[in-house]
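In my numbering, the protein residues as written are 4 to 281.
Glycine is no exception: its CB is placed at the ideal position from the N, C-alpha and C atoms.
What follows is a set of notes on a single structure, which appears directly below.
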């Protein structure tokens with residue numbers, strides 16, 4: 004710090020420092036350098052990011068102990084993904100460019116299996132895309148930003164129609180490789196004491212299906228269905244709302260309250276599309 008360099012290279016961001024160092028972790032050194040006004044270039048593997056710990060554990064079976072808080076990455080001006088195919092990474096490992104000879108066989112049989120590397124690559128690409136999206140949101144005027152698709156399926160306790168809307172919205176989101184949600188607006192008419200146990204069970208099963216297909220579930224209690232849809236869509240940055248055909252329970256609620264046109268107006272003003280699924 005006293006030397007006041009323009010840039011400092013700090014490799015292996017997640018690793019621990021030697022005993023007796025000022026800070027326990029290298030990422031803590033980086034934060035101090037940044038506070039001193041010194042630029043830092045560093046590197047970190049995707050398995051070391053704190054918020055991805057459970058996903059990495061599920062994919063690899065390895066409980067990674069050296070982890071970097073997400074707040075450190077959020078301080079970065081730029082996050083760049085250095086991508087390698089599984090074959091390239093395994094070749095580097097076999098050539099001794101990652102570990103010493105005594106660790107290569109163990110690594111190949113555990114952490115560095117091709118199917119695990121592929122899933123870690125996917126996590127890395129998603130993390131970098133998320134960082135870029137946040138940077139765009141901070142630095143690019145909203146009028147100039149590209150539209151990032153986000154779908155929201157709106158369901159009721161009607162089992163079959165809800166399941167159809169969930170599956171079709173899932174296919175749309177997978178086609179666009181984008182985030183998607185399932186919204187359930189619970190009205191007084193659909194409260195737990197007014198619908199049967201079978202219908203409650205079907206609703207829970209549909210939530211489970213949506214989760215398995217990659218959706219985030221949103222539950223809202225309100226008698227103003229259209230207003231709730233518009234509010235949630237705006238808050239979550241939804242680009243397309245997906246609902247069932249007019250004979251569905253959800254549509255009957257909207258039409259009965261005579262605010263279907265209001266829903267269309269609100270969505271159109273927000274540049275949100277409405278898709279009616281059969």
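### Message
In this structure, how does DSSP classify residue 219 when only helix, strand and coil are distinguished?
### Response
Numbered from its first residue, the chain shown carries residue 219 at position 216. When DSSP states are grouped into helix, strand and coil, residue 219 belongs to the strand group.
### Task
Could you work out which residue in 95, 100, 206, 154 is closest to residue 160 when comparing CA atoms only?
For this step, residue 160 is matched to residue 157 along the chain shown. The option with the nearest alpha carbon to residue 160 is 206.
### Message
Within a Cβ cutoff of 7 Å, which residues of the same chain sit near residue 172, ignoring the five residues on either side of it in sequence?
### Response
Here residue 172 corresponds to residue number 169 of the chain shown, with the count starting at 1. The beta carbon of residue 172 sits closer than 7 Å to the beta carbons of 154, 156, 183, 245 from its chain, once the five residues preceding and following it are set aside; these are given in chain order.
### Message
Using C-beta distances below 7 Å, list every residue in its chain close to residue 123, excluding the 5 sequence neighbours before and after it, in chain order.
### Response
Counting from one through the chain shown, the residue named residue 123 turns up at place 120. Apart from the 5 residues on each side of it in sequence, residue 123 sits with its Cβ closer than 7 Å to the Cβ of 49, 50, 62 in its chain, given in chain order.
### Start and end residues, alpha helix (DSSP H) containing residue 57
For the purposes of this step, residue 57 is identified with residue 54 of the chain shown, where counting begins at 1. Element bounds for residue 57: 56-63.
### Message
Bridge partners for residue 189 per DSSP, in chain order?
### Response
Sequence index remark: in the chain shown, residue 189 carries index 186 (1-based). Partner(s): 224.
### Query
So, using beta-carbon positions, are residue 39 and residue 28 closer together than 9 Å?
As a first step, residue 39 must be located in the chain shown, where it is residue number 36. As a first step, residue 28 must be located in the chain shown, where it is residue number 25. No.
### Query
How big is the Cα-Cα spacing for residue 279 and residue 26?
If you number the chain shown from 1, residue 279 lands on position 276. If you number the chain shown from 1, residue 26 lands on position 23. C-alpha of residue 279 to C-alpha of residue 26: approximately 57 Å in a straight line.
### Query
In this structure, does DSSP put residue 156 in helix, strand or coil?
In the chain shown, counting from the first residue as 1, residue 156 sits at position 153. Under the three-state reduction of DSSP output, residue 156 falls in the strand class.
### Query
Between residue 167 and residue 217, is the Cβ-Cβ spacing less than 9 Å?
Counting from 1 along the chain shown, the entry for residue 167 is found at position 164. Counting from 1 along the chain shown, the entry for residue 217 is found at position 214. Result no, Cβ atoms of residue 167 and residue 217 do not sit closer than 9 Å.
### Query
Three or more beta-carbon pairs under 8 Å between the stretch 172-181 and the stretch 190-204, yes or no?
Cβ pair count under 8 Å is below three, so no.
### Query
Taking 8 Å as the line, does the beta carbon of residue 199 fall inside it for any heavy atom of the ligand FAD?
Questions concerning the ligand FAD fall outside what the structure shown contains, since it holds no ligand whatsoever.
### Task
Assign residue 168 to one of three DSSP states: helix, strand, or coil.
Indexing the chain shown from 1 puts residue 168 at position 165. Here DSSP, grouped into helix, strand and coil, assigns residue 168 to helix.
#### Entry: Beta-carbon contacts of residue 131 that lie in its chain and below 8 Å, excluding the five residues immediately before and after
The residue you call residue 131 lines up with position 128 of the chain shown. Same-chain partners within the cutoff: 82, 83, 84.
### Message
Does residue 55 pass the burial test, meaning 16 or more other C-beta atoms within 10 Å, or should it be called exposed?
### Response
As a working mapping, residue 55 is identified with position 52 in the chain shown. Classification for residue 55: buried.
### Task
Output yes or no for whether 9 Å exceeds the beta carbon distance between residue 189 and residue 150.
On the chain shown, residue 189 is found 186 positions in, with the first residue counted as 1. On the chain shown, residue 150 is found 147 positions in, with the first residue counted as 1. It is not a contact, given that the beta carbons lie outside the stated cut-off.
### Query
Around the C-beta of residue 224, are 16 or more other C-beta atoms found within 10 angstroms, so that it is buried, or is it exposed?
One-based indexing of the chain shown puts residue 224 at position 221. An exposed status is given to residue 224, since fewer than 16 other beta-carbon atoms sit within 10 Å of its beta-carbon.
### Message
Per the DSSP calculation, residue 184 is bridged to which residue(s)?
### Response
Here residue 184 refers to the residue found at position 181 when the chain shown is read from its first residue. Its beta-bridge partners are 155, 219.
### Message
Tell me the DSSP secondary structure of residue 281 in three-state form.
### Response
Looking up residue 281 in the chain shown gives position 278. It is coil, neither helix nor strand.
### CB-CB length for residue 232 against residue 266, believed under 8 Å
In the chain shown, residue 232 corresponds to position 229, counting from 1. In the chain shown, residue 266 corresponds to position 263, counting from 1. Right, the Cβ-Cβ distance comes to about 6 Å (below 8 Å), so this counts as a contact.
### Query
What is the C-beta distance between residue 120 and residue 89, in whole angstroms, given that I count them as a contact (C-beta under 8 Å)?
The sequence position of residue 120 within the chain shown is 117, counting from 1. The sequence position of residue 89 within the chain shown is 86, counting from 1. Going by Cβ atoms, the distance from residue 120 to residue 89 rounds to 4 Å, so yes, they are a contact pair.
### Task
Return the chain-ordered list of same chain residues with a C-beta closer than 8 Å to the C-beta of residue 102, the five sequence neighbours on each side being excluded.
As a position in the chain shown, residue 102 is number 99, starting the count at 1. So the list reads 96, 110, once near-sequence residues are dropped.
### Query
Given residue 69, which residues of its chain have a CB within under 7 Å of its CB, disregarding the five upstream and five downstream residues?
The residue given as residue 69 occupies position 66 in the chain shown. Excluding residues within five positions, the ones whose Cβ falls inside 7 Å are 17, 18, 19, 51.
### Task
Output yes or no for whether 9 Å exceeds the beta carbon distance between residue 128 and residue 80.
As a position in the chain shown, residue 128 is number 125, starting the count at 1. As a position in the chain shown, residue 80 is number 77, starting the count at 1. The criterion of a C-beta distance shorter than 9 Å is not satisfied by residue 128 and residue 80.
### Message
Per DSSP, what are the beta-bridge partners of residue 243 in this structure?
### Response
By 1-based counting over the chain shown, the position of residue 243 is 240. Residue 243 pairs with 154, 276.
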